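As C-alpha cells, the structure follows; a few thoughts come after it.
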Ligand SMILES: Cc1cc2nc3c(=O)[nH]c(=O)nc-3n(C[C@H](O)[C@H](O)[C@H](O)COP(=O)(O)OP(=O)(O)OC[C@H]3O[C@@H](n4cnc5c(N)ncnc54)[C@H](O)[C@@H]3O)c2cc1C
C-alpha cells in the first residue's frame with residue numbers, strides 16, 4: 308500500500324512528488340499519458356512571473372510571490388535552464404499608464420521587489436525594436452524564463468532517484484474509499500493509498516467528482532503560439548507583455564531559454580478538454596495583437612505553432628486543500644497561470660497538508676538534492692568534448708544537426724529515471740527536432756536509437772501519445788533473389 312498517490316505528472320504533480328520524497332513515505336506518481344509533462348505543462352509561455360498580476364489576497368498572488376524566488380535553487384540543483392531576464396508591461400497611451408501604475412501598486416501589495424515604472428526613453432533603450440507608439444512600461448526585474456517541461460522531467464527523475472514510483476499509461480477511472488484506504492483504479496491497475504492528491508489540470512473536476520461532492524468546475528481556455536527560429540533571437544531581450552485584458556495577460560513576445568522567440572497566446576474558451584489544435588483565426592489574432600508591441604516581427608521565421616489549455620476554475624482562484632467531505636483527498640485544481648511560477652510554493656503547501664493528514668512525517672535523511680550529470684554537448688568546450696568522446700564515442704555522432712545533439716545525449720535521456728520512450732520524449736529532454744528542420748533530418752535516426760535501446764521494432768516507436776505511430780510498414784517489399792554482377796570491361 309502507498310502512503311500517497313499523486314494523480315497527474317505535470318509541474319504540480321512532479322514538484323509535489325519531489326518535495327514529499329524528502330520524507331519517509333511510499334509514493335506513487337501516476338499519469339494517463341505515456342510521459343511526464345504531457346498536459347498543460349508542455350504548452351505554455353514558460354515565464355516565471357514576477358507576481359504583480361494576480362489580485363492581492365488570492366492564493367495565486369501569495370503562491371506566485373513565494374514561488375518566484377525559489378526557482379534559482381531548484382534549477383541549479385537539477386540543472387534546468389532558467390534565466391531572470393525581466394519583464395516589461397508596455398503602455399501605449401495614458402489609460403495604459405494608469406493600468407501599469409495599478410499593476411505596480413498591486414505588485415507592492417503582493418510583496419514583489421525590484422519593480423520600476425520606466426518612461427519611453429528608458430523603455431526604448433532597453434528594447435530598441437519596440438513599437439514607436441509605446442509611452443512607458445512596468446519593468447519587473449525578477450521575471451524569468453524557464454525550460455518548463457525540462458523542469459517537470461527533472462523533478463520526476465529526482466523524485467524517482469529518491470524512491471518515488473512512477474506509473475505512466477494509467478488513466479484513473481474511479482476512486483473509492485473503504486476503511487480509510489483509497490482505491491484508485493485504472494484499466495490496468497489498482498493503487499491503494501492513505502492519501503490521494505489530484506493534480507490533473509483541465510481534468511481535475513472530473514477526478515474530484517469521482518470521490519467528493521462536486522464543488523468546482525474547470526473550463527479549458529486555449530492559448531496558441533508561434534515559435535520563431537533562433538535567427539530572430541535579437542528582436543527582444545525581455546518578456547514583452549501588453550496591458551492585461553479581460554481574459555488574461557494578453558499576447559506576449561519573449562525569448563526562450565534555448566534562443567528561440569515565442570509569440571502568443573490568444574485566450575479562447577473551448578468546449579473540449581483535448582482541443583489542442585491551432586487555428587488560423589487564433590494565430591491571426593496573435594499576429595495582429597503582437598504587432599502592436601513590435602512593428603517588425605519576422606513571422607516568416609516561424610518554425611512551429613502549438614496550443615495549450617488553461618484550467619480555468621469557476622472560483623477564479625487556485626483550489627488547493629483537502630476536500631471538505633473526503634478526508635485525505637487533496638485537490639490541487641484550477642492551476643491556471645501563474646501555476647508554473649507558483650509550483651514550488653504549491654508543493655510546499657501540499658506537503659503541509661499531507662503532514663496534517665499523515666502525522667509525524669519522518670525526514671528521509673538520504674534525500675538526494677541533485678540528479679546524475681546531464682551532458683549538454685553543444686555548450687561544452689573543445690577540451691571537455693574530447694574528454695567525453697574518449698570515454699564514450701557516441702558523443703562524437705551528431706544526430707540533430709540543427710541543435711548539435713549527439714547520440715550519447717539521446718541514449719542517456721532514454722536510460723535515466725523517467726526516461727524517454729517516444730520521439731517527442733527525446734525531443735523534450737535533449738531537443739533533437741526543436742531546430743529549424745523540426746526533425747526532418749534527425750527523426751529517423753532518433754527512431755532507430757529508441758528502437759535499439761528499448762529493444763523494440765522501429766514500427767513500435769511512437770511520436771508522442773498512444774496511436775501516434777510513425778512507421779507503419781516497409782515501402783519496398785520486393786526481395787532481390789539474384790543480382791546481376793557489375794563487370795567492368
Ligand atoms: C497558454 C498558457 C500559457 C501559460 N503560461 C504560463 C506562464 O508563462 N507562467 C506560468 O506560471 N503559468 C503559465 N501557464 C499555466 C501553467 O502552464 C499551468 O498552471 C501548469 O502547467 C499546470 O500544471 P498542472 O500540473 O496543474 O497540470 P498539467 O500539466 O495539465 O498536468 C496534469 C496531468 O494530469 C494528467 N491526467 C489528467 N487526467 C488524468 C487521469 N484521469 N488519470 C491520470 N492522469 C491524468 C494529465 O495527463 C497531465 O499530465 C500557462 C498556461 C497556458 C495554457
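Numbering (our numbering), first residue to last: 308 to 796.
Cβ coordinates follow ideal geometry from the N, Cα and C atoms, glycine included.
Please read these numbers as outputs of a predicted model, since none were measured by experiment.
| query | How many angstroms separate the CA atom of residue 590 from the CA atom of residue 529? | reply | 12 Å
| Rounded separation between residue 423 and residue 445 - CA only | 6 Å
| Reduced DSSP category for residue 522 - H, G, I as helix; E, B as strand; rest coil | coil
| With 16 other Cβ atoms within 10 Å as the buried cut-off, status of residue 467 | buried
| For the beta strand (DSSP E) that residue 423 lies in, which residues bound it at each end? | 422 to 426
| If you count every other CB in all the chains shown that lies within 10 Å of the CB of residue 787, and 16 or more means buried, which is it? | exposed
| said: Could you pull the DSSP bridge partners for residue 498 from this structure? | reply: 491
| query | Which class does residue 592 belong to by DSSP, given the choice of helix, strand or coil? | reply | helix
| query | Among the residues of its own chain, which have a CB less than 6 Å from the CB of residue 605, if the five just before and after it don't count? | reply | 539
| How about residue 621: is its Cβ closer than 7 Å to a heavy atom in ligand 1? | no
| residue 390: beta carbon under 7 Å from a heavy atom of ligand 1? | no
| query | With a Cβ-Cβ cutoff of 8 Å, do residue 739 and residue 696 count as a contact? | reply | no
| Just checking my contact of residue 351 with residue 507 at CB under 8 Å: how many whole Å lie between their CB atoms? | Contact flag wrong, Cβ pair sits at about 16 Å.
| Element boundaries [beta strand (DSSP E), containing residue 636] | 636 to 640
| field | Cβ neighbours of residue 633 in the same chain (closer than 8 Å, five flanking residues each side left out) | value | 484, 518 and 519
| message | So within the region 433 to 518, which uninterrupted beta strand (DSSP E) runs reach at least 3 residues, ignoring any that extend past its ends? | response | 443 to 447, 451 to 453, 472 to 474, 481 to 485, 488 to 493 and 496 to 505
| request: Output yes or no for whether 8 Å exceeds the beta carbon distance between residue 443 and residue 372. | output: no
| Would the beta-carbon of residue 671 fall within 8 Å of that of residue 324? | no
| field | Close Cβ partners of residue 735 (< 6 Å) along its chain, the five nearest in sequence each way excluded | value | 456
| query | Any idea if residue 549 is buried or exposed, counting beta-carbon neighbours within 10 angstroms, 16 or more meaning buried? | reply | buried
| According to DSSP, residues forming a beta bridge with residue 707 | 712
| query | Say the cut is 7 Å; is the CB of residue 345 nearer than that to a heavy atom of ligand 1? | reply | yes
| message | DSSP has residue 628 in a bridge; who is on the other side? | response | 638
| message | What I want to know is whether the C-beta of residue 572 ends up closer than 7 Å to one or more non-hydrogen atoms of ligand 1. | response | yes
| message | Taking DSSP's pairing of strands, which residues face residue 389 in a bridge? | response | 453
| query | Is it the case that the CB of residue 578 approaches a heavy atom of ligand 1 more closely than 7 Å? | reply | no
| What does a CB cutoff of less than 8 Å around residue 669 pick up in its chain, not counting 5 residues either side in sequence? | 330 and 331
| When you compare each of 544, 477 and 353 to residue 495 by their alpha carbons, which one comes out closest? | 477
| field | Contact set for residue 544: own chain, Cβ-Cβ below 8 Å, skip 5 residues either direction | value | 392, 433, 434 and 562
| request: Tell me whether the beta-carbon of residue 469 lies closer than 8 Å to the beta-carbon of residue 679. | output: no
| Who are the near neighbours of residue 536 in its chain, counting only those whose CB is closer than 6 Å to its CB and skipping five residues on each side? | 608, 610 and 743
| request: Could you spell out where the beta strand (DSSP E) holding residue 620 opens and where it closes? | output: 609 to 620
| field | Pairwise C-alpha distance: residue 614 and residue 491 | value | 30 Å
| task | Tell me, please, whether the region 577 to 584 touches the region 381 to 398 by the rule of three or more beta-carbon pairs shorter than 8 Å. | result | no
| request: To the nearest angstrom, report how far apart residue 625 and residue 366 are at their CA atoms. | output: 6 Å
| said: Using only the alpha-carbon positions, how far apart do residue 406 and residue 718 sit? | reply: 50 Å
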